[in-house]
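Here is the structure we will look at, set down as structure tokens.
Number of protein chains: 2
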Amino acid sequence: MPTSKDVALAAGVAQSTVSYVLSGKRPISEKTRKKVEAAIEQLTYQPNAGARALAGRRTHVIGLVIPFIPELEMGSIMEFVSVIASTARQFDHDILLVTDDEGAAGLHRVVGQQICDGLILMQIEDEDERLPVARNLNVPVVLIGIPRDPSGLVCIDADFEMAGEHSVRDLATAGHSVISVINWQPAVMDRHVNYVDRFMHGTDVAAEALGVTVLHLPGGTDRATISESVDKALASTTGKPAFIAPDRTIQDILRRILGSRGLTPGVDVSVIGSASPTLAELQPIPLTTIDLRPAEVSRRAVKIMCELLENDSQGPHESLELVPTVITHRSSTLRPQ
Amino acid sequence: MPTSKDVALAAGVAQSTVSYVLSGKRPISEKTRKKVEAAIEQLTYQPNAGARALAGRRTHVIGLVIPFIPELEMGSIMEFVSVIASTARQFDHDILLVTDDEGAAGLHRVVGQQICDGLILMQIEDEDERLPVARNLNVPVVLIGIPRDPSGLVCIDADFEMAGEHSVRDLATAGHSVISVINWQPAVMDRHVNYVDRFMHGTDVAAEALGVTVLHLPGGTDRATISESVDKALASTTGKPAFIAPDRTIQDILRRILGSRGLTPGVDVSVIGSASPTLAELQPIPLTTIDLRPAEVSRRAVKIMCELLENDSQGPHESLELVPTVITHRSSTLRPQ
DNA sequence: ACGCATCGTCGATACGCATCGATGAATGAC
DNA sequence: GTCATTCATCGATGCGTATCGACGATGCGT
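In order, the protein sequences belong to chains A and B. Per the numbering used here, the very first residue in the first sequence carries number 186; after that it's consecutive. Per the numbering used here, the very first residue in the second sequence carries number 186; after that it's consecutive.
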């Protein structure tokens, strides 16, 4: 492997000059820059990351902390991971995977060993054991999700309250007076992620404002639970029923149950779900969805992190950013007359 | 951040002694070891990764190269990622995410900058553009998957041929003489991953050996395609039909189609699918499955990598390891009489 | 009691880059 | 033509660890 010294030798300059050509932190004449760049090209020189980290006190690596929970929809987490990784590359950073089986100790480790410059935490719970650690780490930390107490932390998430509010508002506009919200599956509820509460709160706020009724019904991954919830919903309304099912797994079950009862979404009943546009279009009846914009959330998380890193921010920052959600009307909801 | 020099000072020894206590590469008396360990504890010392990499020419990081293909079942990839990450930790290594949007250049980058000691490549295609690069990298590379030409490469994968063979053998034993194999979905077929061919070859070999007929029918993510394939299967057999559907998405569609035609798996028809035990048990009718053992494949991939790293292997290694698959009989297949 | 091997520890150096102060060349003002 | 100034480059040093050779202390045999 060639070093910057080799490049310097080949270009007939000092090693420090090579360094300055690369960093641009001091003016370099056009002539020597060309020479150095040619030498770099010819030797296929690439700076050694370890040495760079040691001398520059910056690893250009961001740690991504993911809990692996088999019950959860891992596919959707992958979307975050994917966008985070490629956005990080755009900012000239790499992503180190930090799994949660090390627990909070893992955070201490990667920061203590200075393997990364900062941490992005995903799947934040209301009372997350990682939070006290995160607050005391002397590197920037960005949370995707919002804990009960976000003080002293930098958070970003989709605006679930807006999502809940808009969903109810839309269904009310379409003429529904009773709207059934089906909870996330128990595995999610048990994790006490607070987007559930925020979403539900949004639905309640809208209901109050518009004078409609919102029912909160149990969700589950088994047909029986959803079937029961549908029963309750039907019993509670004289008009056409409306469902909001933010959990993707539950959507599928709900769709089949409605189908087996002869209820056609968009005709006899309204259904709002949550899915990527691609997936929503693929449904037998294209699904009206709340887009929680995971890609945008991921992008911004990385952007915030990189800004914090540039500002050499040592002081305890605090911020809370909500990404607006988008409702896309497709065929599964009634049209307002 | 405390350094090993600080530890040395606190323990009243030389810095090199601290290093030897940590690495164990030279004998240290019980007394000084205790002193040093106490100092480490007290200062919460952690070795600096950059310096360690620079001096020791080893980063203790493994690059994991994943293509993000939205059409594919990303959830199942997560299972690999998760196990790879925690296994790597057991071997005292970390995982760096290398996304494929940089293409083969990304491999050059992470190796050239010496960000990682080795690479694990996932989702290998028959003629993968990353292979020529992989062969010429001067770090160990482990492939999960098998390209058309595995020469000069270290590969590991599930034994898909065995999986195909056993599936057919099992259904033949249960009395089926015509067995329909439904292809993976087009998105997978188009990638030219060669496990498809290996699986199909296994089914053909078994068919030949046992004198039964194997039909290869088109797969897809839409109901129509599968429905047609089921039609063809039913038309071609006088006895009870048998299906092998290795693609998870297709399994679901198949199940519903069979249901809507009044065919009950395990009674009127046999179905073998592929899923984790947990998922298989959750089905309305517990599914007889081929377990492709992603966790075991992942574990071994990391193990092989770490062995290559320990042996300081520079010479071009070559090996091919197949992880035996396991068929678990549940209720979706007929019992042999 | 003396030389000799062994064990445990120390000091010095290298790893490859970033950065700071210094130096020489080129430029402009008078 | 001289001096002050700016610009481009060089040399030296530090970052924190691993490793090698060396050296003093200890135990052994005779």
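Here a beta-carbon is modelled for each residue, glycine too, at the ideal position from N, C-alpha and C.
Does DSSP classify residue i as helix, strand or coil?
i: P371(B); result: helix
i: I251(B); result: strand
i: L519(B); result: coil
i: A199(B); result: coil
i: I280(A); result: strand
i: T513(A); result: strand
i: A486(B); result: helix
i: H401(B); result: strand
i: C301(A); result: coil
i: I429(B); result: strand
i: S461(A); result: coil
i: L328(B); result: strand
i: L194(B); result: helix
i: S189(A); result: helix
i: V353(B); result: helix
i: V246(B); result: strand
i: L419(A); result: helix
i: I470(A); result: coil
Using only CA atoms, which one of the options lies nearest to residue i?
i: G424(B); options: V452(B), R211(B) and I442(B); result: V452(B)
i: V503(B); options: P325(B), E393(B) and G444(B); result: In the sequence under discussion, the amino acid at residue 503(B) is Glu, which differs from the Val named in the question. Comparing Cα-Cα distances from E503(B) to each of P325(B), E393(B) and G444(B), the minimum goes to P325(B).
i: N379(B); options: I247(B), E393(B), I309(B) and T229(B); result: I309(B)
i: L292(B); options: N323(B), S516(B), Q370(B) and N233(B); result: N323(B)
i: G444(B); options: P462(B), Q468(B), A224(B) and T463(B); result: Q468(B)
i: C491(B); options: G288(B), R320(B), V246(B) and P450(B); result: V246(B)
i: A357(A); options: M186(A), R520(A) and K190(A); result: R520(A)
i: P479(A); options: I341(A), M374(A), L439(A) and R446(A); result: I341(A)
i: S271(A); options: G396(B), V250(B) and G260(B); result: V250(B)
i: L439(B); options: D285(B), N321(B), A236(B) and Q370(B); result: Q370(B)
i: T434(A); options: A427(A), G447(A), S455(A) and T410(A); result: T410(A)
i: V456(B); options: P426(B), D476(B) and R484(B); result: P426(B)
i: L257(A); options: A394(A), V295(A), G405(A) and S214(A); result: G405(A)
i: A290(A); options: L306(A), R408(A), V318(A) and M307(A); result: V318(A)
i: L507(A); options: S516(A), I489(A) and A394(A); result: I489(A)
i: I305(B); options: L207(B), T513(B) and V268(B); result: V268(B)
i: R408(B); options: G447(B), I442(B), A486(B) and L448(B); result: I442(B)
Please list the terminal residues of the continuous alpha helix (DSSP H) segment that includes residue i.
i: L523(B); result: The structure shown does not extend to residue 523(B), since chain B is modelled only from 186 through 522, so no value can be given for it.
i: G235(A); result: A234 to G241
i: N321(B); result: R315 to N321
i: S336(A); result: That residue, S336(A), is in no alpha helix (DSSP H); it is neither H nor E in DSSP.
i: T217(B); result: E215 to L228
Taking 9 Å as the CB-CB cut-off, is residue i touching chain B?
i: N515(A); result: Per the sequence shown, residue 515(A) should be read as Arg rather than Asn. Taking Cβ atoms only, chain B never reaches closer than 9 Å to R515(A), which makes this a no.
i: V246(A); result: yes
i: S204(A); result: no
i: G458(A); result: no
i: F428(A); result: no
i: F253(A); result: yes
i: T284(A); result: yes
i: S412(A); result: no
i: R315(A); result: no
i: S271(A); result: yes
What residue range does the beta strand (DSSP E) around residue i cover?
i: F265(B); result: Looking at the DSSP string, F265(B) is not in any beta strand (DSSP E); the run it does join, the alpha helix (DSSP H), is M259 to Q275.
i: T388(B); result: Looking at the DSSP string, T388(B) is not in any beta strand (DSSP E); the run it does join, the alpha helix (DSSP H), is Y380 to L395.
i: A343(A); result: V339 to A343
i: T473(A); result: T473 to D476
Considering only heavy atoms of the ligand PLP, does any lie closer than 8 Å to the CB of residue i?
i: Q308(A); result: No copy of the ligand PLP occurs in the structure displayed, which carries no ligand at all.
Does residue i come within less than 9 Å of chain A when only Cβ atoms are used?
i: T398(B); result: no
i: S267(B); result: yes
i: H293(B); result: yes
i: E222(B); result: no
i: S336(B); result: no
i: M490(B); result: no
i: M307(B); result: no
i: L249(B); result: yes
i: Q370(B); result: no
- Three or more beta-carbon pairs under 8 Å between the segment 413-430 of chain B and the segment 357-370 of chain B, yes or no? Verdict: yes, contact present.
- Query: Using 8 Å as the threshold, is the segment 299-317 of chain B in touch with the segment 280-290 of chain B, meaning 3 or more CB pairs across them?
  - Reply: Yes, the segment 299-317 of chain B touches the segment 280-290 of chain B.
- Message: For the segment 258-276 of chain A against the segment 323-335 of chain B, do three or more pairs of beta-carbon atoms, one drawn from each stretch, fall closer than 8 Å, so that the two count as touching?
- Response: Verdict: no, contact absent.
- Cβ contact check for the segment 375-390 of chain A and the segment 333-353 of chain A: 3 or more pairs under 8 Å: With the cut-off at 8 Å, the segment 375-390 of chain A and the segment 333-353 of chain A touch.
- Task: Count the CB pairs spanning the segment 191-202 of chain B and the segment 221-237 of chain B that are closer than 8 Å, and state whether there are at least three.
- Result: At 8 Å Cβ cutoff, the stretches touch.
- Contact between the segment 228-239 of chain B and the segment 234-241 of chain A (3+ Cβ pairs under 8 Å): Judged by Cβ distances under 8 Å, the segment 228-239 of chain B makes contact with the segment 234-241 of chain A, as three or more pairs qualify.
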